[in-house]
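S.K.:
2 protein chains.
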Amino acid sequence: MGYEYDEAIAVERISAGRYAADLEAGWKVGGGLNGGYLLAVIGNAIKFDLAEIGHHDPYTVTGYYLSPSVAGPATVSVRRIRQGRGTTTVAATLSQKAEDGTEVERITALATYGDLDRISGDIRTTATPPPLPPIDQCVLTSLAPPEIKAFVPMLDRFDMHVGPESTGLLTGKPSGNTYVQAWFELADGRPIDPIALLTVVDTLPPVTIEMGLPGWAPTLELTAHIRATPAPGPLRIRHESRNYAGGFFEEDCEVWDSAGRLVTQSRQLALAPLPPKPKPEVEE
Amino acid sequence: MGYEYDEAIAVERISAGRYAADLEAGWKVGGGLNGGYLLAVIGNAIKFDLAEIGHHDPYTVTGYYLSPSVAGPATVSVRRIRQGRGTTTVAATLSQKAEDGTEVERITALATYGDLDRISGDIRTTATPPPLPPIDQCVLTSLAPPEIKAFVPMLDRFDMHVGPESTGLLTGKPSGNTYVQAWFELADGRPIDPIALLTVVDTLPPVTIEMGLPGWAPTLELTAHIRATPAPGPLRIRHESRNYAGGFFEEDCEVWDSAGRLVTQSRQLALAPLPPKPKPEVEE
Chain U
42 MGYEYDEAIA
52 VERISAGRYA
62 ADLEAGWKVG
72 GGLNGGYLLA
82 VIGNAIKFDL
92 AEIGHHDPYT
102 VTGYYLSPSV
112 AGPATVSVRR
122 IRQGRGTTTV
132 AATLSQKAED
142 GTEVERITAL
152 ATYGDLDRIS
162 GDIRTTATPP
172 PLPPIDQCVL
182 TSLAPPEIKA
192 FVPMLDRFDM
202 HVGPESTGLL
212 TGKPSGNTYV
222 QAWFELADGR
232 PIDPIALLTV
242 VDTLPPVTIE
252 MGLPGWAPTL
262 ELTAHIRATP
272 APGPLRIRHE
282 SRNYAGGFFE
292 EDCEVWDSAG
302 RLVTQSRQLA
312 LAPLPPKPKP
322 EVEE
Chain Y
42 MGYEYDEAIA
52 VERISAGRYA
62 ADLEAGWKVG
72 GGLNGGYLLA
82 VIGNAIKFDL
92 AEIGHHDPYT
102 VTGYYLSPSV
112 AGPATVSVRR
122 IRQGRGTTTV
132 AATLSQKAED
142 GTEVERITAL
152 ATYGDLDRIS
162 GDIRTTATPP
172 PLPPIDQCVL
182 TSLAPPEIKA
192 FVPMLDRFDM
202 HVGPESTGLL
212 TGKPSGNTYV
222 QAWFELADGR
232 PIDPIALLTV
242 VDTLPPVTIE
252 MGLPGWAPTL
262 ELTAHIRATP
272 APGPLRIRHE
282 SRNYAGGFFE
292 EDCEVWDSAG
302 RLVTQSRQLA
312 LAPLPPKPKP
322 EVEE
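Taken in order, these protein sequences are the chains called U and Y. Here the first sequence is numbered in the working numbering, starting from 42 and rising by one per residue. Here the second sequence is numbered in the working numbering, starting from 42 and rising by one per residue.
(1) Can you check whether the CB of Ala311(U) is closer than 8 angstroms to the CB of Leu261(U)?
(2) Taking DSSP as the reference, what is the three-state secondary structure of Asn85(Y)?
(3) Counting along the chain, where does the beta strand (DSSP E) carrying Val203(U) start and finish?
(4) Along the segment 155-169 of chain Y, what residues have a CB closer than 8 angstroms to any CB found in chain U?
(5) What separation, rounded to the nearest whole angstrom, lies between the Cα atoms of His96(U) and Arg308(U)?
(6) Under a CB-based cut-off of 8 angstroms, is Glu144(Y) close to chain U?
(7) Runs of 4 residues minimum, wholly inside the segment 130-211 of chain Y: which ones carry the alpha helix (DSSP H) assignment?
(8) Look at the alpha carbon of Glu324(Y) and the alpha carbon of Tyr44(Y), and state the distance between them as a whole number of angstroms.
(9) Do you know whose CA, among Arg159(Y), Ser118(Y), Gln137(Y), lies nearest Ala150(Y)'s CA?
(10) Reducing DSSP to helix, strand and coil, say where Glu65(Y) ends up.
(11) At a CB-CB cut-off below 9 angstroms, which residues of chain B make contact with Gln137(U)?
(12) Could you have a look at Val323(Y) and say whether DSSP puts it in helix, strand or coil?
(13) For Ala326(Y), which residues of its own chain have a beta-carbon under 7 angstroms away from its beta-carbon, when the five flanking residues on both sides are left out?
(14) DSSP beta-bridge partners for Ser307(U)?
(15) Looking at the secondary structure, which residues open and close the alpha helix (DSSP H) in which Ile94(U) lies?
(16) With DSSP collapsed to three states, give me the class of Gly76(U).
(17) Can you list, in chain order, the residues of its chain with a C-beta nearer than 8 angstroms to that of Gly77(U)? Leave out the 5 residues immediately preceding and following it.
(18) Of all Cβ atoms in chain U, is any one closer than 8 angstroms to the Cβ of Arg277(Y)?
(19) With a 10 Å radius around its C-beta and 16 neighbouring C-beta atoms as the bar for buried, classify Gly253(U) as buried or exposed.
(20) Could you give the distance in angstroms between the alpha-carbon of Val52(U) and the alpha-carbon of Glu65(U)?
(21) Can you check whether the C-beta of Ala228(Y) is within less than 8 angstroms of a C-beta belonging to chain U?
(22) Which runs of the alpha helix (DSSP H) fall wholly inside the segment 228-265 of chain Y and span at least 4 residues, in chain order?
(23) For Arg148(U), would you say it is in contact with chain Y, using Cβ-to-Cβ distances shorter than 8 angstroms as the test?
(24) Since Thr153(Y) meets chain U, which of its residues come closer than 8 angstroms, beta carbon to beta carbon?
(25) Note down the Cα distance separating Asp90(U) from Gly84(U), rounded to an integer number of angstroms.
(26) Between Ala191(U) and Leu211(U), is the Cβ-Cβ spacing less than 8 angstroms?
(27) Determine the contact status of Asp234(U) and Thr208(U), defining contact as a CB-CB distance below 8 angstroms.
(28) Buried or exposed for Gly104(Y), please, with buried defined as at least 16 other CB atoms from any protein chain shown within 10 angstroms of its CB.
(29) For a contact defined as C-beta to C-beta under 9 angstroms, what are the partners of Glu251(U) on chain Y?
(30) Could you tell me the alpha carbon to alpha carbon distance between Asp156(U) and Val102(U), rounded to whole angstroms?
(31) Closer than 7 angstroms by beta-carbon distance: list the chain Y residues that pair up with Gln306(U), in chain order.
(32) What's the gap between the Cα of Ala57(Y) and the Cα of Arg121(Y)?
(33) Given that Gly288(U) touches chain Y, what residues does it touch there, using C-beta distances under 8 angstroms?
(34) Hey, could you find the ends of the beta strand (DSSP E) Ala286(Y) is sitting in?
(35) Can the beta-carbon of Val221(U) be found closer than 8 angstroms to that of His202(U)?
(36) Hey, quick one: how far does the alpha helix (DSSP H) through Ala49(U) stretch, first residue to last?
Right, dumping it as structure tokens:
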């Protein structure tokens with residue numbers, strides 16, 4: 042039997058450069074579906090499209106988010122812009138049919154793919170992994186109270202153990218920090234490959250929750266640089282914001298594998314959070 | 042008389058969504074034109090295109106670099122993807138005619154524009170400006186030796202005063218740091234507006250020079266988030282890399298205005314540097 046994650050991101054070829062997907066309600070957060078999940082659906086269609094030329098790994102993927110996606114059928118279109126020997130750059134869109142039958146673009150994307158196995162081993166990373174205590178001293182986000190999970194159903198899709206200082210989502214008590222860090226695995230045990238990393242980078246609760254600004258934060262733009270295929274085992278992930286201003290904030294996410302390698306860096310520009318509906322009733 | 046920078050980024054409408062530009066040889070670096078300069082040409086065409094609906098400021102611009110641009114005629118195409126009340130998202134391409142007359146895409150881009158004057162004043166920036174000494178204690182990069190300037194003619198386009206510890210480009214003696222920081226103004230005194238910020242983020246010498254890896258580093262992808270219109274006066278800029286690995290490295294650039302506001306954050310994914318030709322002869 043397959044993994045639920047693979048089913049959720051599955052695409053089927055309709056015609057040249059066109060792929061059908063069935064977006065999974067389990068990845069809902071607030072009024073839409075998780076941006077990282079959607080980016081992986083797009084990423085999977087691109088991978089499918091470029092497999093024949095051996096460029097099956099994302100090096101960099103950028104999504105501009107146009108309108109909230111809903112569970113159900115979607116179409117991913119992939120157009121090759123430049124096909125080189127080592128890399129191919131594509132434009133891709135994810136669209137859905139509106140109730141009146143018109144096609145609505147949800148996300149427009151650019152990506153450059155190649156083959157991560159073929160890039161050089163010279164590693165001079167100066168960044169350091171997030172200082173997380175062992176998993177058993179962290180807190181599983183799928184144990185969040187029901188009123189939170191009603192707003193963030195996707196919490197059941199992964200085993201995310203947030204650090205003891207990153208529990209604002211669960212307790213309603215913000216730490217005042219501008220970062221959130223956690224251990225991460227998919228709930229179904231599906232190994233994290235470069236496509237799944239496109240999801241991982243957008244799963245942490247918004248840093249704004251720890252800043253005392255409850256609610257989820259819509260992504261305007263997200264770019265992920267996939268720098269290596271992760272070694273098996275739980276990932277350490279952390280995102281941080283340094284510039285909440287003017288109704289927008291950036292989130293920089295780093296993903297570290299079990300071998301201590303920085304496998305992904307992403308940055309997103311998000312809108313300051315909308316208050317959650319229904320508002321969780323938190324005991325102070 | 043106009044500013045040379047405005048002439049360099051000028052666009053002229055050809056037809057709906059199509060603009061002509063004349064790329065300026067003065068922005069050469071190595072075998073191509075500077076990626077930030079090119080992004081501003083694209084950004085200027087988008088601004089022109091969206092001015093009628095009042096969305097004249099870039100909030101976020103992403104360029105995927107496909108092939109090196111050359112001085113001379115170019116075409117920028119702008120296609121509106123989603124026009125909203127507050128923002129409009131577009132796809133844009135910069136292309137040039139090859140010698141055989143075929144159109145070659147140099148850069149493909151996505152961008153979301155709005156009106157920076159209309160966004161909220163709530164500022165909670167936690168980042169701090171780069172710790173630069175006063176300009177007169179820094180070193181002007183346009184005083185670089187002729188063999189460097191032959192490779193990087195764009196050094197004459199701006200008055201960049203690098204910090205005393207960021208002079209690897211000029212001296213051939215890398216500091217070992219993974220950052221470069223500097224004061225920045227355009228050489229012609231042209232005020233820095235949101236479009237010019239798209240250039241500013243890509244003007245610092247690659248951090249790899251300070252890491253002892255000489256040569257310029259081709260940009261694969263660059264995303265700039267323009268967060269505010271800068272106050273008049275010199276900018277402080279800094280970029281840093283934390284993950285040189287696998288033949289790629291990221292550069293995160295911050296731009297601070299004279300009022301101490303973080304006006305722009307960018308990140309690029311670049312290819313490990315190619316050795317400069319001709320190789321500068323540096324006395325150790």
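All residues carry an ideal CB built from backbone N, CA and C; glycine is no exception.
M.R.: Considering the structure as presented:
(1) The answer is yes: Cβ separation under 8 angstroms.
(2) Three-state result, Asn85(Y): helix.
(3) Residues 199-203.
(4) Using a CB distance below 8 angstroms, the part of the segment 155-169 of chain Y facing chain U consists of Leu157, Ile160, Ser161, Gly162, Asp163, Ile164, Arg165, Thr166, Thr167, Ala168, ordered along the chain.
(5) Computed Cα separation, rounded: 23 angstroms.
(6) Between Glu144(Y) and chain U, the shortest Cβ-Cβ separation is not below 8 angstroms.
(7) Those alpha helix (DSSP H) runs which fall completely within the segment 130-211 of chain Y and span 4+ residues are 187-192.
(8) Here Glu324(Y) scores only 44 on pLDDT, less than 50, and its place in the model is too uncertain to base an answer on.
(9) Nearest option by C-alpha distance: Ser118(Y).
(10) In the structure shown, Glu65(Y) adopts coil according to DSSP, grouped into three states.
(11) Protein chains in the displayed structure are U and Y, and chain B is not among them.
(12) Model confidence at Val323(Y) stands at a pLDDT of 48, short of 50, so the residue's coordinates are unreliable and nothing is read from them.
(13) Summary: the structure shown does not reach residue 326(Y), with chain Y confined to residues 42 through 325, and so no result is reported for it.
(14) In DSSP, Ser307(U) forms a bridge with Ala265(U), Cys294(U).
(15) That residue, Ile94(U), is in no alpha helix (DSSP H); it is neither H nor E in DSSP.
(16) Gly76(U): helix per DSSP, three-state reduction.
(17) Contacts found: Leu239, Thr240, Val241, Val242, Asp243, Thr244, Leu263.
(18) No, Arg277(Y) does not count as interfacial toward chain U.
(19) Exposed is the label assigned to Gly253(U), since fewer than 16 other Cβ atoms lie within 10 Å of its Cβ.
(20) In this model, Val52(U) and Glu65(U) are separated by some 12 angstroms (Cα to Cα).
(21) The beta carbon of Ala228(Y) sits no closer than 8 angstroms to any beta carbon of chain U.
(22) List check, alpha helix (DSSP H) in window: 235-241, 248-251.
(23) Correcting the residue identity first, residue 148(U) is Ile in this sequence and not Arg. Closer than 8 angstroms: no.
(24) Close partners of Thr153(Y) in chain U (Cβ separation under 8 angstroms): Tyr105, Leu261, Glu262.
(25) Rounded to whole angstroms, Asp90(U) to Gly84(U) spans 10 angstroms at the Cα level.
(26) At a Cβ-Cβ threshold of 8 angstroms, Ala191(U) and Leu211(U) do not count as neighbours.
(27) No. Outside cutoff.
(28) Counting other Cβ atoms within 10 Å of its Cβ, Gly104(Y) reaches 16 or more and is therefore classed as buried.
(29) Under the 9 angstroms cutoff, chain Y gives no residues; its nearest Cβ is about 12 angstroms from Glu251(U).
(30) One C-alpha to the other measures close to 14 angstroms.
(31) Simply Asn284, Glu291.
(32) Each residue's Cα considered, the two are about 11 angstroms apart.
(33) Gly288(U) reaches chain Y at Ile160, Ser161, Asp163, counting residues in chain order whose Cβ is nearer than 8 angstroms.
(34) That run of the beta strand (DSSP E) goes 284-286.
(35) Val221(U) is not a Cβ neighbour of His202(U), given a cutoff of 8 angstroms.
(36) Ala49(U) -> alpha helix (DSSP H) spans 45-50.
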